[in-house]
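**Student:** Protein chains in written order, with the UniProt record's numbering: chain A, 1 to 237; chain B, 1 to 288. Got a structure for you, written out below as structure tokens; questions coming shortly.
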């Protein structure tokens with residue numbers, strides 16, 4: 001009888017040890033990924049203090065994006081290593097360990113894509129740039145909620161960017177950002193959110209929207225920018 | 001949608017006036033169904049809903065599993081005389097098997113093709129409860145404990161598709177060793193109760209026996225490095241220690257006072273002794 005119990009507990013101990021070992025390996029790799037993410041973030045922070053120069057603007061921004069993309073190349077290799085360590089179909093067993101850095105990277109990819117071509121990145125593009133799969137069935141993938149949380153980080157970065165663009169003399173940028181973030185907001189409103197992290201972060205999005213609207217308003221009212229076409233007013237009396 | 005902007009504009013009819021929020025309004029009004037962002041998000045919404053729905057469906061089954069398991073445990077506690085024993089054990093067994101055939105099969109179907117770890121939290125609580133009931137039954141039947149593999153195979157389902165001669169499809173409910181061990185930790189609470197009940201009906205020998213069994217489990221739990229343990233596990237071990245202490249006190253009382261007190265009164269005395277050290281135990285069914 002007692003050997004039975006011992007056996008059960010011994011095999012449990014093996015299971016724990018095994019898990020611990022894998023977690024340790026993951027931790028080392030995730031640390032590398034975090035380092036890369038920080039490097040990219042530091043490069044991209046330069047957008048906030050680039051003085052506006054109508055001719056060279058795109059060139060300067062493009063330079064940062066190119067640098068960032070170089071590091072994304074390393075990130076791809078790191079994710080490939082991570083994918084090798086995580087056993088098949090156990091993505092969500094260890095998900096907690098890389099979800100935050102993945103969210104951060106989704107945000108960084110989205111920012112780069114926005115700076116380059118001014119559109120909202122799609123999930124499959126992010127997956128491609130990070131070197132992971134888009135769908136769970138295919139293996140080590142990008143979790144949808146991580147991707148969406150990454151997009152929500154983008155909105156707060158862009159609201160800062162709108163403010164700093166004005167400081168640096170670029171009055172077009174905030175208008176463009178306002179359009180973009182409003183569309184993003186409209187997109188998020190289509191989701192049915194549970195009372196979770198995503199919901200909480202989404203609730204913060206409206207403050208970013210508001211902040212950007214204020215910047216646009218300031219620009220318009222001072223005539224620094226032609227007013228956005230006033231929309232058809234529905235009498236609300 | 002434009003309610004916020006609209007309120008701000010109330011009373012103004014000057015079309016040239018610039019208002020805060022104009023840009024947002026303009027953008028929102030220009031968005032239609034063909035907007036590329038809207039279309040993207042429609043897809044995301046569908047995926048997110050599918051995941052949440054699946055989670056909720058599993059969670060509902062989980063609650064049913066928890067409730068039925070708890071009832072089976074109560075049923076097993078009703079064994080008070082030898083003649084009733086086999087009837088109750090058989091009834092419990094068939095209900096346990098029935099759950100494996102129905103409720104768990106539903107969970108297995110939901111998990112089919114998914115990453116089970118993603119939904120593990122949805123059915124963990126019920127599964128632990130089930131392990132508790134299962135091991136309790138096993139203990140009462142054989143005085144033993146079975147290992148996890150038996151349960152795993154019971155929760156693996158092979159179905160042969162009706163329309164073809166292809167090989168059978170395998171679906172299963174993932175049982176992690178942690179679930180099983182936590183179930184065993186809960187089991188000790190039931191064993192404590194059983195021990196005290198046995199005393200009340202005058203079955204002294206199985207009192208000692210159960211006490212020894214729990215002690216072995218306790219020792220086994222002590223053998224771990226606490227690093228890998230969660231808070232939850234530590235709490236359970238604490239409860240386990242309490243249950244064990246109660247049982248040991250009861251056994252002590254039987255031993256030292258067994259000869260001086262009539263048998264029918266011994267039970268009361270021993271139970272009081274057992275409770276002396278006990279704070280309240282937390283064995284009520286909790287859904288979360």
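Backbone N, C-alpha and C fix where the C-beta goes; we use that ideal spot for every residue, glycine too.
Excluding the 5 residues flanking residue 244 of chain B on each side, which residues of the same chain have their C-beta closer than 8 Å to its C-beta?
**Tutor:** Within the second chain, residue 244 of chain B is the residue found at index 244, counting from 1. Cβ neighbours of residue 244 of chain B beyond the five flanking positions: 188, 192, 211, 214, 215 and 218.
**Student:** Using a beta-carbon distance below 8 Å, is residue 104 of chain B in contact with chain A?
**Tutor:** In the second chain, residue 104 of chain B corresponds to position 104, counting from 1. By this cut-off, residue 104 of chain B is not an interface position.
**Student:** Out of A:191, A:201, A:222 and A:155, state which residue places its alpha-carbon closest to the alpha-carbon of residue 208 of chain A.
**Tutor:** Mapped onto the first chain, residue 208 of chain A falls at position 208. For the residues A:191, A:201, A:222 and A:155, the minimum Cα distance to residue 208 of chain A belongs to A:155.
**Student:** Does the CB of residue 242 of chain B have a neighbour CB from chain A at under 8 Å?
**Tutor:** In the second chain, the residue the question calls residue 242 of chain B occupies position 242. By this cut-off, residue 242 of chain B is not an interface position.
**Student:** Under the three-state reduction of DSSP, which class applies to residue 169 of chain B: helix, strand or coil?
**Tutor:** As a working note, residue 169 of chain B is residue 169 in the second chain. Correct three-state label for residue 169 of chain B: strand.
**Student:** Buried or exposed, going by whether 16 or more other CB atoms sit within 10 Å of the CB of residue 51 of chain A?
**Tutor:** Here residue 51 of chain A is taken as the residue at index 51 of the first chain, counted from 1. That one is exposed.
**Student:** Does any C-beta atom of chain B lie closer than 8 Å to the C-beta of residue 224 of chain A?
**Tutor:** What you label residue 224 of chain A is simply residue 224 of the first chain in a count that begins at 1. It does not; no Cβ of chain B falls within 8 Å.
**Student:** Quick check on the burial criterion: 16 or more other C-beta atoms within 10 angstroms. Buried or exposed for residue 247 of chain B?
**Tutor:** Indexing the second chain from 1 puts residue 247 of chain B at position 247. Buried, by the Cβ-count rule.
**Student:** Taking just the CA atoms, how far does residue 198 of chain B sit from residue 204 of chain B?
**Tutor:** Here residue 204 of chain B is taken as the residue at index 204 of the second chain, counted from 1. Here residue 198 of chain B is taken as the residue at index 198 of the second chain, counted from 1. Cα to Cα, the separation comes out at about 7 Å.
**Student:** Using a beta-carbon distance below 8 Å, is residue 145 of chain B in contact with chain A?
**Tutor:** Along the second chain, read from residue 1 onward, the residue named residue 145 of chain B stands at position 145. Taking Cβ atoms only, chain A reaches closer than 8 Å to residue 145 of chain B, which makes this a yes.
**Student:** Classify residue 78 of chain A as buried or exposed, calling it buried when 16 or more other Cβ atoms lie within 10 Å of its own Cβ.
**Tutor:** As a position in the first chain, residue 78 of chain A is number 78, starting the count at 1. Answer is buried; the Cβ neighbour count reaches 16.
**Student:** So residue 137 of chain B and residue 76 of chain B are supposed to be a Cβ contact under 8 Å. How far apart are they, rounded?
**Tutor:** Position 137 of the second chain holds residue 137 of chain B. Position 76 of the second chain holds residue 76 of chain B. Between residue 76 of chain B and residue 137 of chain B the Cβ distance is about 6 Å, and since that is below 8 Å, they are a contact.
**Student:** What whole-angstrom Cβ distance do residue 54 of chain B and residue 104 of chain B have, given they're in contact under 8 Å?
**Tutor:** Within the second chain, residue 54 of chain B is the residue found at index 54, counting from 1. Within the second chain, residue 104 of chain B is the residue found at index 104, counting from 1. Not confirmed; about 16 Å, so no contact.
**Student:** Of the residues A:194, A:193 and A:148, which one's Cα is nearest the Cα of residue 37 of chain B?
**Tutor:** Residue numbering aside, residue 37 of chain B sits at position 37 when the second chain is read from its first letter. The candidate whose alpha carbon is nearest that of residue 37 of chain B is A:148.
**Student:** I need the DSSP call for residue 52 of chain A, collapsed to helix, strand or coil.
**Tutor:** To locate residue 52 of chain A, count along the first chain from 1; it is residue 52. Residue 52 of chain A: coil per DSSP, three-state reduction.
**Student:** Do residue 177 of chain B and residue 15 of chain A have their C-beta atoms closer together than 8 Å?
**Tutor:** By 1-based counting over the second chain, the position of residue 177 of chain B is 177. By 1-based counting over the first chain, the position of residue 15 of chain A is 15. Yes, the pair counts as a contact, with Cβ atoms nearer than the cut-off.
**Student:** Name, going along the chain, the residues of the region 41-54 of chain B whose beta-carbon falls closer than 7 Å to a beta-carbon of chain A.
**Tutor:** Cβ contacts with chain A come from 41, 42, 44, 45, 47, 48, 49 and 52.
**Student:** What span of residues does the alpha helix (DSSP H) with residue 120 of chain B cover, start to end?
**Tutor:** To locate residue 120 of chain B, count along the second chain from 1; it is residue 120. Run containing residue 120 of chain B: 116-142, per the alpha helix (DSSP H) assignment.
**Student:** Could you check what DSSP says for residue 133 of chain A in three-state terms: helix, strand or coil?
**Tutor:** One-based indexing of the first chain puts residue 133 of chain A at position 133. Strand.
**Student:** To which residues of the same chain is residue 163 of chain A closer than 7 Å at the C-beta, ignoring the five residues directly before and after it?
**Tutor:** As a working mapping, residue 163 of chain A is identified with position 163 in the first chain. These residues qualify, in order along the chain: 215.
**Student:** Could you tell me which chain A residues have their CB closer than 9 Å to the CB of residue 117 of chain B, listed as they occur along the chain?
**Tutor:** Numbered from 1 along the second chain, position 117 holds the residue referred to as residue 117 of chain B. Going along chain A in sequence order, the residues near residue 117 of chain B (Cβ under 9 Å) are 89, 90, 91, 92, 93, 94 and 95.
**Student:** Are residue 237 of chain B and residue 273 of chain B touching if we call contact CB-CB under 8 Å?
**Tutor:** Within the second chain, residue 237 of chain B is the residue found at index 237, counting from 1. Within the second chain, residue 273 of chain B is the residue found at index 273, counting from 1. Their beta carbons are not under 8 Å apart, which means residue 237 of chain B does not touch residue 273 of chain B by this criterion.
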